[in-house]
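What follows is a single structure, written as structure tokens, with notes after it.
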Amino acid sequence: MAETEHEWSEQLHNDGAELRADVVRDKERVREALDDVQHPERIAEAAGEKLAQVAEDVRGVARAVGHPSVIVAEAEHAAAAKKAAFDRTTATIAAEFTSPADARKLPRVPKVFGVLLALVSLATLPGIGTAIYRSVTSVEAHGLGTEGVSTVVVNFLHLGVLSILALTAVIFGYRLFRNQRRWAAIISYGLYVLLIAGVLCSIMLQGITPDLVFYLVAFVVTIGLQSYLDPSLLEERRRHRKAREAEEHAEGEAGTLGRDLTGKGYITLNFFNLFWIFVVASVLGLIMEEVVHFLFVVPGQWQDRAGLLFGPFSPIYGCGAVLMTVFLNRFHKSNWLIIFLVAAVIGGGFEALTSLFMQYAYGAVAWDYSNMPGSLFGGRTCLPFMACWGLLGVVWIKLLLPFMLRLVNFIPWNWRYGLTVVAAVFMLADAVMTLQALDCWYERLSGNKVDTPIQQFYDQHFDNAAMADRFQSMTIHPDDAVRGK
0 MAETEHEWSE QLHNDGAELR ADVVRDKERV REALDDVQHP ERIAEAAGEK LAQVAEDVRG
60 VARAVGHPSV IVAEAEHAAA AKKAAFDRTT ATIAAEFTSP ADARKLPRVP KVFGVLLALV
120 SLATLPGIGT AIYRSVTSVE AHGLGTEGVS TVVVNFLHLG VLSILALTAV IFGYRLFRNQ
180 RRWAAIISYG LYVLLIAGVL CSIMLQGITP DLVFYLVAFV VTIGLQSYLD PSLLEERRRH
240 RKAREAEEHA EGEAGTLGRD LTGKGYITLN FFNLFWIFVV ASVLGLIMEE VVHFLFVVPG
300 QWQDRAGLLF GPFSPIYGCG AVLMTVFLNR FHKSNWLIIF LVAAVIGGGF EALTSLFMQY
360 AYGAVAWDYS NMPGSLFGGR TCLPFMACWG LLGVVWIKLL LPFMLRLVNF IPWNWRYGLT
420 VVAAVFMLAD AVMTLQALDC WYERLSGNKV DTPIQQFYDQ HFDNAAMADR FQSMTIHPDD
480 AVRGK
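The letter at position 208 of the sequence shown is residue 207 when you use numbering that gives the first Met the number 0, and the numbering goes up by one with no holes.
Written out as structure tokens, the structure is:
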């Protein structure tokens with residue numbers, strides 16, 4: 000009984016609350032109505048706005064019924080405006096890939112070469128596909144025990160690079176045949192990257208072999224075709240050559256040659272500037288590393304830390320400086336912390352990739368940070384040395400890059416192209432001979448016969464003792480190389 004009484008009481012309470020809320024709402028409505036009665040102009044104003052809107056809608060309908068051509072014309076005008084905007088965007092994009100030189104037809108020889116290149120590249124795809132299939136079935140049948148994980152990974156990477164290279168060559172040949180100069184010139188940059196990747200994979204799998212001649216020939220042909228195809232290297236370049244020579248002479252006299260006058264970066268990113276950045280940074284980096292080793296690592300002991308067979312060069316610092324310049328050129332005025340972080344990632348990543356290539360190609364170890372705090376990627380780099388790369392990046396971009404530009408400007412402006420060509424040929428020969436000497440050193444330590452003329456030359460002039468003396472920080476363990484597994 001008590002429970003029923005409680006339910007009735009609660010229900011009455013809820014009903015009373017709802018009734019009071021209804022009374023409040025009704026009072027508010029009555030108050031609003033009285034307010035409108037006291038101010039009739041508000042009702043008239045609201046009614047006028049509504050009638051005006053209805054009248055405008057009626058006029059629109061009447062215009063559409065009486066003059067449908069007006070509606071059609073407005074729609075056509077809107078569509079034409081959108082089409083014009085689209086055409087402007089398309090023209091802007093197309094301008095990036097075309098030039099006046101595209102209007103000229105290519106001679107027959109490049110077109111025939113393009114057709115042959117496309118056909119030959121298509122013909123290689125089944126062979127590459129077969130090699131991939133055999134590699135997959137071999138791994139499924141025998142596992143990774145016979146060759147090792149690194150060998151299998153590099154082998155599949157090499158096959159993937161060859162596949163993409165063949166497909167890119169097909170597209171390149173098609174663009175040549177269709178007389179699309181600028182597209183072909185742009186694709187050639189992709190060919191450079193793929194050819195470099197193919198060379199690295201081939202060296203890791205087989206060492207220095209005659210197969211590398213294919214990549215060398217492909218490089219030469221690609222460079223020649225790009226120089227011929229790219230309109231910026233043809234009429235457009237010739238047209239401004241005399242004016243540019245006069246400007247270079249004036250800039251050389253003023254000591255500003257090489258500066259990026261567009262304001263997009265500190266220096267112009269051309270071959271001349273980047274090549275001398277590589278050379279200067281290779282020398283400065285070697286001096287710095289040897290001094291640090293003498294003062295801090297092993298006090299009192301001077302160690303040759305050179306990275307090439309001839310000359311005082313450490314290419315890892317040269318390549319690091321080039322990468323930092325390319326990626327940080329537009330940030331030379333930015334906060335030093337941004338430069339520090341980006342340079343640390345670039346330097347540490349490049350150091351790790353270089354260590355990986357040297358080990359996989361030759362079983363060579365030139366540094367090992369496994370015992371350092373913050374060791375990364377199996378000791379190939381570490382956080383303290385990444386911080387050093389970051390600090391070097393800040394010093395390079397903020398201080399040394401302007402110094403380097405002034406140093407290079409000491410070269411007389413009319414000598415610099417000839418001198419750059421001679422120096423580039425020397426550095427290329429030095430790099431090639433270094434790789435060949437390392438390969439012969441690896442073969443000797445592996446117990447393989449040294450029977451080819453090239454191997455005999457290096458065996459005679461750069462034996463194990465000479466190589467160990469030149470590359471004092473490097474040791475070779477043949478079993479660690481991909482081809483040694």
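Built from N, CA and C at the ideal position, the CB exists for glycine as well.
Exercise for the section: Within 10 angstroms of the Cβ of G128, are there 16 or more other Cβ atoms? Answer buried if so, exposed if not. Expected result: Here residue 128 refers to the residue found at position 129 when the sequence shown is read from its first residue. Exposed: under 16 other Cβ atoms inside 10 Å.
Problem - At least 3 beta-carbon pairs within less than 8 Å: the stretch 343-354 vs the stretch 450-465 - result: no
Exercise for the section: Kindly indicate which three-state DSSP category L327 falls into: helix, strand or coil? Expected result: Locating residue 327 in the sequence shown gives position 328, counting from the first residue. L327: helix per DSSP, three-state reduction.
Practice task
Mark Y132 as exposed unless 16 or more other C-beta atoms lie within 10 angstroms of its C-beta, in which case mark it buried.
Solution key: Counted from its first residue, the sequence shown places residue 132 at position 133. With fewer than 16 other Cβ atoms within 10 Å, it is exposed.
Handout entry: Nearest candidate by alpha-carbon position, reference A530, set W388, V407, I195 and G206
Key = Residue 530 lies beyond the range of the chain shown here (0 to 484); nothing can be said about it.
Practice task
Within 10 angstroms of the Cβ of S226, are there 16 or more other Cβ atoms? Answer buried if so, exposed if not.
Solution key: As a working mapping, residue 226 is identified with position 227 in the sequence shown. That one is exposed.
Handout entry: alpha helix (DSSP H) runs contained entirely in the stretch 360-406, provided each spans 4 or more residues
Key = 382-394
Handout entry: Reference T380; option with closest CA among A351, L391, H331 and Y188
Key = Translated into positions along the sequence shown, residue 380 becomes position 381. It is A351 whose Cα lies nearest to the Cα of T380.
Exercise for the section: Would you mind stating whether D429 and L307 have Cβ atoms separated by less than 8 Å? Expected result: Locating residue 429 in the sequence shown gives position 430, counting from the first residue. Locating residue 307 in the sequence shown gives position 308, counting from the first residue. Taking 8 Å as the Cβ cut-off, D429 and L307 qualify as a contacting pair.
Practice task
Within 10 angstroms of the Cβ of P99, are there 16 or more other Cβ atoms? Answer buried if so, exposed if not.
Solution key: On the sequence shown, residue 99 is found 100 positions in, with the first residue counted as 1. Residue placement at P99 cannot be trusted, given a pLDDT of 47 that sits under 50; the coordinates are not used to answer.
Problem - Neighbourhood of L398 by C-beta, 8 Å cutoff - its chain only, sequence neighbours within 5 removed - result: Position 399 of the sequence shown holds residue 398. Around L398: no qualifying Cβ.
Handout entry: Any 3 or more C-beta pairs closer than 8 Å across the stretch 349-368 and the stretch 468-476
Key = yes
Problem - Alpha-carbon spacing of F425 relative to A183, whole angstroms - result: Taking the sequence shown and counting its residues from 1, one reaches residue 425 at position 426. Taking the sequence shown and counting its residues from 1, one reaches residue 183 at position 184. Spanning the two alpha carbons is a distance of roughly 30 Å.
Practice task
Inspect the beta-carbon positions of V192 and Y214 and report whether they are closer than 8 Å.
Solution key: Here residue 192 corresponds to residue number 193 of the sequence shown, with the count starting at 1. Here residue 214 corresponds to residue number 215 of the sequence shown, with the count starting at 1. The answer is no: Cβ separation not under 8 Å.
Problem - Classification of V23 by the beta-carbon crowding that lies within 10 angstroms, buried from 16 upward - result: On the sequence shown, position 24 is the one that residue 23 refers to. Counting Cβ neighbours within 10 Å, V23 comes out exposed, since fewer than 16 surround it.
Handout entry: Same chain, Cβ closer than 8 Å to R304, five either side skipped, listed in chain order
Key = Residue 304 sits at position 305 when you count from the first residue of the sequence shown. Excluding positions up to five away in sequence, the list reads L285, E288, E289, H292, S313, Q471 and S472.
Problem - L486: first and last residue of the uninterrupted alpha helix (DSSP H) it sits in - result: This structure does not reach residue 486, given that the chain is present from 0 up to 484, and the question cannot be answered.
Problem - Nearest-angstrom Cα separation, counted from V169 out to M466 - result: Here residue 466 corresponds to residue number 467 of the sequence shown, with the count starting at 1. Here residue 169 corresponds to residue number 170 of the sequence shown, with the count starting at 1. So the two alpha carbons sit approximately 43 Å from each other.
Exercise for the section: Kindly indicate the opening and closing residues of the alpha helix (DSSP H) around Y191. Expected result: Locating residue 191 in the sequence shown gives position 192, where the first residue counts as 1. Segment R180 to Q205, the alpha helix (DSSP H) holding Y191.
Practice task
Identify whether T136 lies in helix, strand or coil by the three-state DSSP scheme.
Solution key: Within the sequence shown, the letter at position 137 stands for residue 136. The answer is helix: DSSP assigns T136 an H, G or I state.
Handout entry: H331 beta carbon less than 8 Å from that of G264
Key = As a working mapping, residue 264 is identified with position 265 in the sequence shown. As a working mapping, residue 331 is identified with position 332 in the sequence shown. Yes, they are a contact pair.
Problem - Bounding residues of the alpha helix (DSSP H) (the contiguous stretch that carries G159) - result: Residue mapping note: residue 159 aligns to position 160 of the sequence shown, counting from 1. V148 to F176 is the span of the alpha helix (DSSP H), which, as asked, contains G159.
Practice task
Tell me, please, whether the stretch 437-448 touches the stretch 157-172 by the rule of three or more beta-carbon pairs shorter than 8 Å.
Solution key: no
Practice task
Given a cut-off of 8 Å, decide if Y359 and V481 are closer than it, judged by their beta-carbon atoms.
Solution key: Locating residue 481 in the sequence shown gives position 482, where the first residue counts as 1. Locating residue 359 in the sequence shown gives position 360, where the first residue counts as 1. Yes, Cβ-Cβ distance for V481 and Y359 is below 8 Å.
Practice task
May I ask which residues mark the beginning and end of the alpha helix (DSSP H) holding Q454?
Solution key: Sequence index remark: in the sequence shown, residue 454 carries index 455 (1-based). Element bounds for Q454: P452 to H460.
Exercise for the section: Could you give the DSSP three-state label for I338: helix, strand or coil? Expected result: For the purposes of this step, residue 338 is identified with residue 339 of the sequence shown, where counting begins at 1. I338 falls in the helix class under three-state DSSP.
Problem - Three-way DSSP call (helix, strand, coil) for T474 in this model - result: Against the sequence shown, residue 474 aligns to sequence position 475. Of the three classes helix, strand and coil, the one that applies to T474 here is strand, per DSSP.
Handout entry: Cβ shell of M505 (< 6 Å), same chain only, five flanking positions each side left out
Key = Nothing about residue 505 can be read from this structure; the chain reaches only from 0 to 484.
Handout entry: Length of the line joining the Cα atoms of I475 and L161
Key = Counting from 1 along the sequence shown, the entry for residue 475 is found at position 476. Counting from 1 along the sequence shown, the entry for residue 161 is found at position 162. C-alpha separation (whole angstroms): 29 Å.
Problem - Exposure of F270, with buried meaning 16 or more beta-carbon neighbours within 10 Å - result: For the purposes of this step, residue 270 is taken as residue 271 along the sequence shown, with counting starting at 1. When all chains shown are included, F270 counts as exposed.
Practice task
With DSSP collapsed to three states, give me the class of D485.
Solution key: Since the first residue shown for the chain is 0 and the last is 484, residue 485 is missing from the structure and cannot be characterised.
Practice task
Keeping to the same chain, check which residues put their C-beta closer than 7 Å to that of V449; ignore five residues upstream and five downstream.
Solution key: Along the sequence shown, one-based indexing puts residue 449 at 450. Result list for V449: C439, E442, R443, Q455 and D458, in chain order.
Exercise for the section: Run the CB neighbour count on I222, radius 10 Å, all protein chains shown included, and call it buried at 16 or more, exposed below. Expected result: Within the sequence shown, residue 222 is the residue found at index 223, counting from 1. By the neighbour-count rule (16 or more Cβ atoms within 10 Å), I222 is not buried but exposed.
Exercise for the section: Kindly indicate the opening and closing residues of the alpha helix (DSSP H) around A464. Expected result: As a working mapping, residue 464 is identified with position 465 in the sequence shown. That run of the alpha helix (DSSP H) goes N463 to R469.
Practice task
Return yes when the Cβ of I410 is within less than 8 Å of the Cβ of I338, no when it is not.
Solution key: In the sequence shown, residue 338 corresponds to position 339, counting from 1. In the sequence shown, residue 410 corresponds to position 411, counting from 1. It is not a contact, given that the beta carbons lie outside the stated cut-off.
Handout entry: L322 versus K104: straight-line alpha-carbon distance, rounded
Key = In the sequence shown, counting from the first residue as 1, residue 322 sits at position 323. In the sequence shown, counting from the first residue as 1, residue 104 sits at position 105. Spanning the two alpha carbons is a distance of roughly 38 Å.
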